[in-house]
Structures are given as structure tokens and as C-alpha cells.
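Input: a single structure, listed below in C-alpha cells.
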Amino acid sequence: MYIPLRLRTIASFIKPNEKVADVGADHGLLELLLVTRDTNNQVVAIENKTGPYEILKENLIGIKNVRLSLSDGLEAVDRDVNTVVIAGMGGYNIVKILNAHSNKLSGINKIIVDAHRDSNEVRKTLVNFKFKITQEKIIFENCTYYVIIVFEKTSEKHHYSDDEIEFGFELYNDPLWGEYKNHLISTYKRNIDKIKASNKNDEKIAELKSLIERLKNYGKN
7 MYIPLRLRTI
17 ASFIKPNEKV
27 ADVGADHGLL
37 ELLLVTRDTN
47 NQVVAIENKT
57 GPYEILKENL
67 IGIKNVRLSL
77 SDGLEAVDRD
87 VNTVVIAGMG
97 GYNIVKILNA
107 HSNKLSGINK
117 IIVDAHRDSN
127 EVRKTLVNFK
137 FKITQEKIIF
147 ENCTYYVIIV
157 FEKTSEKHHY
167 SDDEIEFGFE
177 LYNDPLWGEY
187 KNHLISTYKR
197 NIDKIKASNK
207 NDEKIAELKS
217 LIERLKNYGK
227 N
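All residue numbers for the sequence shown refer to our numbering, where the first residue is 7 and numbers rise by one.
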């Protein structure tokens, strides 16, 4: 069974005996990895659409320590769950999930996020919910960069700089940082060219140029 590097990286941040809710479980590969690696892990596999849920059910039916839930976001997260994984979707969608069931977050110790864009919005939101960033890891797989972020609950709000929220907490120490930084700069420049072609939104162009300059200097001090 092939497990993508992205999911193997997420699994590496989950310890034995943790009770996990996987929001947007897709085909259930993370669940299979966790319960075969550690029989003490218990996982709630959550999908909110009938089609993907039927595939998930087919792949995981009869697997010990996995419970399936056709539900939305954190709705099915009960008091036994202490770790939540939200992966494979955009940052604004993740923020929407967190805000919709924020009452569930008080019992969660760890949240592992793989936002395919707008990771800064997720960082900002979870910091406001009194989580701190404990680890971040850059993954390059199938010609795509992913940033896996681990948040852990704290008793008070942790403070980060604007650059740490925007680009990642000490992500400049990651071996792939140089490549990832160049990728971000290229993306910002492409967006600038698109805006210029449309002959509007000079304010957005200035914002992107500022991000490029900040990114070039991030981690040098």
C-alpha cells in the first residue's frame, strides 16, 4: 500500500495512544497508516459528502479502531478526541471549519494542518484560539509544495511576528526553505503580472511587492 509522503509526514506528528479525528479523510490512507503502525491509535474518519464517504467506508469497513462519520467539520469530534487533522483543503475552508465548531477546540490538545493555500489565515486563527506553533515542515511531492503545521494548545495566546504568521514559524530552518521561498516569490510575481494585465488593483500589486521584499529578508536577522 503506497502512502504519500504528505500523509506519512502528518502521521509522524501523531504519537501512540492519541485519539485522532481526521477531517476530510478522503480515501482513508492516513487511518490505515495509523492503525497498522500503532494499534493503540483510535481514529474518527470524517467526510461530509456522500460520494467520498462511500469510498471511505469501502476502504475502511471492518478496520479495528476506526470510526466513520458522515458529518461536517468538527461536528463528530467527541470528548475522547485529543488530536485533529485537517488536510487537503484551502486555508479559508479550514478557518471556516474551526470557527463553525470553536466550542470543540477546548478539548483538543493538538491540531495538524495541511492547507494547500492561505496557511497564514490558519496560523492567525489558531493562535487566536490559544494554540502555538510547535513544528512546521515543507514537503515537495508530485511537483507541489506543502507545508505541514502542528499546533498545540496553550493556556494563553502566543505572540508571533507578522512574518512568522505570513511565511511560517522558523520555516527558514527547513532544508527545503530556499526552494520554497523561490517558489513563493515566483508565485507573487505571476500574480503581479496578472493584475497588471487587467489594468486594475494597484493596491494589490503594492501589497505583493511588499511581500516579496519581506520574504527575501525573512530569517536573515
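Idealized CB from N, CA, C, for every residue including glycine.
Do you know how far the Cα of residue j is from the Cα of residue i?
i	j	result
Y152	R73	27 Å
I118	I198	31 Å
E60	E37	15 Å
R147	I218	According to the sequence provided, residue 147 is Glu. The question's Arg does not apply to it. Between E147 and I218, the C-alpha separation is close to 24 Å.
E172	S125	8 Å
I3	G68	The question about residue 3 has no answer, for the chain in this structure spans 7 to 227.
W183	L177	7 Å
D78	R43	27 Å
E53	K25	17 Å
N223	M7	42 Å
T193	N46	42 Å
I20	Q141	12 Å
A212	H164	29 Å
So, residue i versus residue j, is the Cβ gap smaller than 8 Å?
i	j	result
K143	D180	yes
E127	H107	no
L221	I191	yes
N6	T89	Since the first residue shown for the chain is 7 and the last is 227, residue 6 is missing from the structure and cannot be characterised.
T131	L104	yes
A27	V83	yes
N65	Q48	no
A93	G34	no
V91	I16	yes
G236	R85	Beyond the ends of the chain as shown, which are 7 and 227, falls residue 236; an answer cannot be given.
K195	I201	no
F175	I145	no
L39	I9	yes
F137	E158	yes
V50	S75	yes
With which residues is residue i paired in a DSSP beta bridge?
i	result
S75	I52
D28	A51, V91
K116	T89, E158
Label residue i either buried or exposed according to how many other C-beta atoms from any shown protein chain fall within 10 Å of its C-beta, with 16 as the threshold for buried.
i	result
G97	buried
L11	exposed
E185	exposed
N134	exposed
D120	buried
K187	buried
S216	exposed
P167	In the sequence as presented, Pro is not what sits at residue 167; that position holds Ser. Its Cβ having fewer than 16 others within 10 Å, S167 is exposed.
N23	exposed
N109	exposed
- Which runs of the alpha helix (DSSP H) spanning at least 4 residues fall entirely within the segment 118-192, listed in chain order? 125-134, 168-173
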